[in-house]
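Colleague: Structure below; questions to follow.
Protein chains: 2
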Amino acid sequence: MPVRIKKYSGEFEEFSEEKLECSLVRAGAQEGDAKAIVQKVARRISEGMETRVIYRMAMRELRRASFAAAARYDLKFGLMRLGPAGYAFEKYVAHVLKHHGYEVKLNQVIRGRCVEHEVDVAASKGDERILVECKHHEKPWVQCRIQTVLYVKARLDDLSQVFTKAMLVTNTKFSQQAIEYGSCAGVDLLGWRYPDQGSLEWLIDTKKLWPVSILTMADPRIIGLCIEAGLLLLRDVQALSVEELRVRLHLSRQKALRMKREVEEILGGEAS
Amino acid sequence: MPVRIKKYSGEFEEFSEEKLECSLVRAGAQEGDAKAIVQKVARRISEGMETRVIYRMAMRELRRASFAAAARYDLKFGLMRLGPAGYAFEKYVAHVLKHHGYEVKLNQVIRGRCVEHEVDVAASKGDERILVECKHHEKPWVQCRIQTVLYVKARLDDLSQVFTKAMLVTNTKFSQQAIEYGSCAGVDLLGWRYPDQGSLEWLIDTKKLWPVSILTMADPRIIGLCIEAGLLLLRDVQALSVEELRVRLHLSRQKALRMKREVEEILGGEAS
Numbered sequence: 288m289p290v291r292i293k294k295y296s297g298e299f300e301e302f303s304e305e306k307l308e309c310s311l312v313r314a315g316a317q318e319g320d321a322k323a324i325v326q327k328v329a330r331r332i333s334e335g336m337e338t339r340v341i342y343r344m345a346m347r348e349l350r351r352a353s354f355a356a357a358a359r360y361d362l363k364f365g366l367m368r369l370g371p372a373g374y375a376f377e378k379y380v381a382h383v384l385k386h387h388g389y390e391v392k393l394n395q396v397i398r399g400r401c402v403e404h405e406v407d408v409a410a411s412k413g414d415e416r417i418l419v420e421c422k423h424h425e426k427p428w429v430q431c432r433i434q435t436v437l438y439v440k441a442r443l444d445d446l447s448q449v450f451t452k453a454m455l456v457t458n459t460k461f462s463q464q465a466i467e468y469g470s471c472a473g474v475d476l477l478g479w480r481y482p483d484q485g486s487l488e489w490l491i492d493t494k495k496l497w498p499v500s501i502l503t504m505a506d507p508r509i510i511g512l513c514i515e516a517g518l519l520l521l522r523d524v525q526a527l528s529v530e531e532l533r534v535r536l537h538l539s540r541q542k543a544l545r546m547k548r549e550v551e552e553i554l555g556g557e558a559s
Numbered sequence: 288m289p290v291r292i293k294k295y296s297g298e299f300e301e302f303s304e305e306k307l308e309c310s311l312v313r314a315g316a317q318e319g320d321a322k323a324i325v326q327k328v329a330r331r332i333s334e335g336m337e338t339r340v341i342y343r344m345a346m347r348e349l350r351r352a353s354f355a356a357a358a359r360y361d362l363k364f365g366l367m368r369l370g371p372a373g374y375a376f377e378k379y380v381a382h383v384l385k386h387h388g389y390e391v392k393l394n395q396v397i398r399g400r401c402v403e404h405e406v407d408v409a410a411s412k413g414d415e416r417i418l419v420e421c422k423h424h425e426k427p428w429v430q431c432r433i434q435t436v437l438y439v440k441a442r443l444d445d446l447s448q449v450f451t452k453a454m455l456v457t458n459t460k461f462s463q464q465a466i467e468y469g470s471c472a473g474v475d476l477l478g479w480r481y482p483d484q485g486s487l488e489w490l491i492d493t494k495k496l497w498p499v500s501i502l503t504m505a506d507p508r509i510i511g512l513c514i515e516a517g518l519l520l521l522r523d524v525q526a527l528s529v530e531e532l533r534v535r536l537h538l539s540r541q542k543a544l545r546m547k548r549e550v551e552e553i554l555g556g557e558a559s
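Sequence lines, in order, name chains A and B. Following our numbering, the numbering of the first sequence begins with 288 at its first residue and continues without gaps. Following our numbering, the numbering of the second sequence begins with 288 at its first residue and continues without gaps.
In structure tokens form, the structure reads like this:
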């Protein structure tokens, strides 16, 4: 008998064991572990249960099986914790694009035909000069709406002498109308699970560009310190010694050690 | 010795007796009354006092002198109370435009080049077909920003086969950048004290199109009932008998009577 669960958007859908297993495997859980977790979780799911609750159960089980996989499974929430100011998300997106071969410049003020614009990220690759607008949401169910895509398009039009195209990056999903307009008006959209090929989490996962905000030891204060110090990626933390970490982040030796260990646990054992 | 007061925006400015007097007279206070109120209020102003506090003191005094003038002085807050859904503000703006000779249609869904758009108000006058976007703010210090003007411009572009121009209406102020972009990109802006000639409150005051939300007896529930019943203007209420009011708004006879009296007190004695 199929059970319906409640998504973040408020809509209902049938609970799918396959879908849950797939997301666990994608996060790096062994197939056997993933199957066992799904079995455990499935037994406790009831009609109308919220995705959030199911996610938390799976997360708890996954953490027991693989700490590293659990951290990566938490990417969606890690990206949310980059808020609230939003500036950290812009910086993070710039890092991700840089690791994918773009040249990036942050927070440029550029004169357009009508007015000056504050451009989150100016990226270039080959002949393309790309106006990148970042839209950070703190709630998973908040979609990036058409209004934002429209406004990026008008900004591109005003800056058409400087940029050849525009890209809108968000940590959540796009509304159907936003997608429709974006592809018609020539604004590239990059978000959670969008587009099918080369979504934001794909860009992150394939190059292990996970943000420090997925660390379980990173509370808002520590995330803030990392952002200030320009340490947005686990990779950046990995490159530093415990002593350097301690000094750059003003952490106790114990906390620096814990951070370093957690980062190694997630990144360490894998070929990069 | 000049005293500095704190504006809604958080900025400071020198308190001006003339400015306060001017706003009271504009609301309909007799010149003598206005002067007397300013004297009373000025004595109690201290360095750094907030505009909001001064406004409340003036309002209290004005109410004693002229109930009708006090209600109109409250227009800015009356417009804010049309929220929070924003839909009431769209309806209200449509009414104001209609009384100024526009033909208006509310909440049209219109197919553009790329996507369908929900258009708040489609207005026309002569050869002009105007896409009207309404932006309601519940806090007086929230400005209408350039992002909104950009997005209206892109919407107009997508709907350029249907509309000849765009207008953005807000109940607060526009940022300097929004004004700069709007006038360059051809989006008409209409807001609080903007433009100098023909601002939103000018359109309202000159034709006595005050909203029901300026009534002191109108709590959020009553405002909601009025909106549902399509009674957005005091003029609409004036046109009904106490009995009609009672039935249309599901009010007690006593409340209907009180509403009717208050409306008469504001509109009644004046030539329209």
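All residues carry an ideal CB built from backbone N, CA and C; glycine is no exception. Small disclaimer: the values here were computed from a predicted structure and weren't measured.
(1) May I ask which residues mark the beginning and end of the beta strand (DSSP E) holding residue 420 of chain B?
(2) Taking any Cβ of chain A, which residues in the segment 467–484 of chain B have a Cβ under 7 Å from it, in chain order?
(3) With burial defined as no fewer than 16 other Cβ atoms inside 10 Å of the residue's Cβ, what is the status of residue 309 of chain A: buried or exposed?
(4) For residue 437 of chain B and chain A, any beta-carbon pair shorter than 7 Å?
(5) Would the C-beta of residue 420 of chain A count as close to the ligand MG, meaning under 6 Å from any of its heavy atoms?
(6) Check the Cβ of residue 398 of chain A against every Cβ in chain B and list those closer than 8 Å, keeping chain order.
(7) Determine, using beta carbons only, whether residue 440 of chain B comes closer than 7 Å to chain A.
(8) Please identify, using Cβ separations under 9 Å, the residues of the segment 413–439 of chain B that lie next to chain A, in order along the chain.
(9) For chain A, is any of its Cβ atoms less than 7 Å away from the one on residue 401 of chain B?
(10) Take residue 388 of chain A as the anchor and find which of A:417, A:375, A:370, A:400 has the nearest alpha-carbon.
(11) How would you write the range of the beta strand (DSSP E) that residue 494 of chain A sits in, first residue to last?
(12) Note down, one range per segment and in chain order, each alpha helix (DSSP H) of at least 4 residues found wholly within the segment 463–533 of chain A.
(13) When the cut-off is 7 Å and only beta carbons count, does residue 326 of chain A lie next to chain B?
(14) State whether the segment 444–456 of chain B contacts the segment 416–431 of chain B, with contact taken as three or more CB pairs (one from each stretch) at a distance under 8 Å.
(15) Ends of the beta strand (DSSP E) at residue 251 of chain B?
(16) Taking its Cβ as the centre, do 16 or more other Cβ atoms sit within 10 Å of residue 537 of chain B, making it buried, or is it exposed?
(17) Could you check where the beta strand (DSSP E) with residue 404 of chain B kicks off and where it finishes?
(18) Strictly under 7 Å for the Cβ-Cβ distance: is residue 464 of chain B near chain A by that measure?
(19) Report the three-state DSSP secondary structure of residue 597 of chain A (helix, strand or coil).
(20) Does DSSP put residue 432 of chain A in a helix, a strand or coil?
(21) With burial defined as no fewer than 16 other Cβ atoms inside 10 Å of the residue's Cβ, what is the status of residue 484 of chain A: buried or exposed?
(22) Quick check on the DSSP output: the alpha helix (DSSP H) that includes residue 364 of chain A runs from which residue to which?
(23) What three-state label does DSSP hand residue 292 of chain A in the structure shown?
(24) From which residue to which residue does the alpha helix (DSSP H) around residue 376 of chain A run?
(25) Tell me whether residue 334 of chain A sits in a helix, a strand or coil according to DSSP, three-state version.
(26) Am I right that residue 486 of chain A and residue 478 of chain A are in contact with their C-beta atoms under 8 Å? What's the rounded C-beta distance?
(27) Using CA atoms only, rank isn't needed, just tell me which of B:352, B:329, B:465, B:383 is closest to residue 341 of chain B.
(28) Check each candidate in B:532, B:365, B:401, B:511 and name the one with the smallest Cα separation from residue 465 of chain A.
(29) Short of 7 Å in beta carbon distance, which residues of its chain neighbour residue 355 of chain B, apart from the five on each side in sequence? Order them along the chain.
(30) Going by beta carbon distance, what residues of the same chain come within less than 6 Å of residue 449 of chain A, once the five residues before and after it are set aside?
(31) Hey, how far is the Cα of residue 458 of chain B from the Cα of residue 429 of chain B?
(32) Can you check which of these residues, A:555, A:509, A:447, is closest to residue 526 of chain A by C-alpha distance?
(33) Put residue 301 of chain B into one of helix, strand or coil per three-state DSSP.
Modeller: Put simply:
(1) Taking the second sequence and counting its residues from 1, one reaches residue 420 of chain B at position 133. Unbroken beta strand (DSSP E) run through residue 420 of chain B: 415–422.
(2) So the list reads 467, 468, 471, 472, given in the order they occur along the chain.
(3) Start at 1 with the first residue of the first sequence, and residue 309 of chain A comes out as number 22. It is exposed - the Cβ of residue 309 of chain A has fewer than 16 other Cβ atoms within 10 Å.
(4) If you number the second sequence from 1, residue 437 of chain B lands on position 150. With its beta carbon less than 7 Å from one in chain A, residue 437 of chain B belongs to the interface.
(5) For the structure depicted, the ligand MG is absent and the ligand set is empty, with no information on it obtainable.
(6) Position 111 of the first sequence, counted from the start, is the residue given in the question as residue 398 of chain A. Here the premise fails: no neighbours, minimum Cβ distance about 12 Å.
(7) Locating residue 440 of chain B in the second sequence gives position 153, where the first residue counts as 1. With 7 Å as the cut-off, residue 440 of chain B counts as an interface residue toward chain A.
(8) 433, 434, 435, 436, 437, 438, 439
(9) If you number the second sequence from 1, residue 401 of chain B lands on position 114. Using a CB distance cut-off of 7 Å, residue 401 of chain B counts as an interface residue toward chain A.
(10) The residue you call residue 388 of chain A lines up with position 101 of the first sequence. When each option's Cα is compared against that of residue 388 of chain A, the closest is A:417.
(11) In the first sequence, the residue the question calls residue 494 of chain A occupies position 207. Here residue 494 of chain A belongs to no beta strand (DSSP E), and DSSP marks it neither H nor E.
(12) 463–472, 487–493, 507–515, 521–525
(13) As a working note, residue 326 of chain A is residue 39 in the first sequence. Taking Cβ atoms only, chain B never reaches closer than 7 Å to residue 326 of chain A, which makes this a no.
(14) yes
(15) Outside the shown range of chain B (288 to 559) lies residue 251 of chain B, about which nothing can therefore be said.
(16) For the purposes of this step, residue 537 of chain B is taken as residue 250 along the second sequence, with counting starting at 1. Residue 537 of chain B comes out exposed.
(17) For the purposes of this step, residue 404 of chain B is taken as the residue at position 117 of the second sequence. 403–412 is the extent of the beta strand (DSSP E) around residue 404 of chain B.
(18) Start at 1 with the first residue of the second sequence, and residue 464 of chain B comes out as number 177. True, the Cβ-Cβ gap to chain A drops below 7 Å.
(19) The question about residue 597 of chain A has no answer here: the residues shown for chain A are numbered 288 through 559.
(20) Taking the first residue of the first sequence as 1, we reach residue 432 of chain A at position 145. It is coil, neither helix nor strand.
(21) The residue given as residue 484 of chain A occupies position 197 in the first sequence. So residue 484 of chain A counts as exposed.
(22) Along the first sequence, one-based indexing puts residue 364 of chain A at 77. Where residue 364 of chain A is concerned, the enclosing alpha helix (DSSP H) stretches over 362–367.
(23) In the first sequence, the residue the question calls residue 292 of chain A occupies position 5. Reduced to three states, the DSSP call for residue 292 of chain A is strand.
(24) Counting from 1 along the first sequence, the entry for residue 376 of chain A is found at position 89. Taken as a continuous stretch (DSSP letters only), the alpha helix (DSSP H) holding residue 376 of chain A covers 374–386.
(25) Against the first sequence, residue 334 of chain A aligns to sequence position 47. Looking at residue 334 of chain A - three-state DSSP - the assignment turns out to be coil, as it is neither helix nor strand.
(26) Here residue 486 of chain A refers to the residue found at position 199 of the first sequence. Here residue 478 of chain A refers to the residue found at position 191 of the first sequence. The Cβ separation is near 7 Å, so the contact holds.
(27) In the second sequence, counting from the first residue as 1, residue 341 of chain B sits at position 54. It is B:329.
(28) Counting from one through the first sequence, the residue named residue 465 of chain A turns up at place 178. The candidate whose alpha carbon is nearest that of residue 465 of chain A is B:401.
(29) Residue mapping note: residue 355 of chain B aligns to position 68 of the second sequence, counting from 1. Counting only Cβ-Cβ distances below 7 Å, and skipping sequence neighbours, we find 315, 552, 553.
(30) What you label residue 449 of chain A is simply residue 162 of the first sequence in a count that begins at 1. Closer than 6 Å at the Cβ level, and outside the excluded window around residue 449 of chain A, lie 397.
(31) Numbered from 1 along the second sequence, position 171 holds the residue referred to as residue 458 of chain B. Numbered from 1 along the second sequence, position 142 holds the residue referred to as residue 429 of chain B. Each residue's Cα considered, the two are about 10 Å apart.
(32) To locate residue 526 of chain A, count along the first sequence from 1; it is residue 239. Considering only alpha carbons, the answer is A:555.
(33) Along the second sequence, read from residue 1 onward, the residue named residue 301 of chain B stands at position 14. DSSP places residue 301 of chain B in strand when its eight states are reduced to three.
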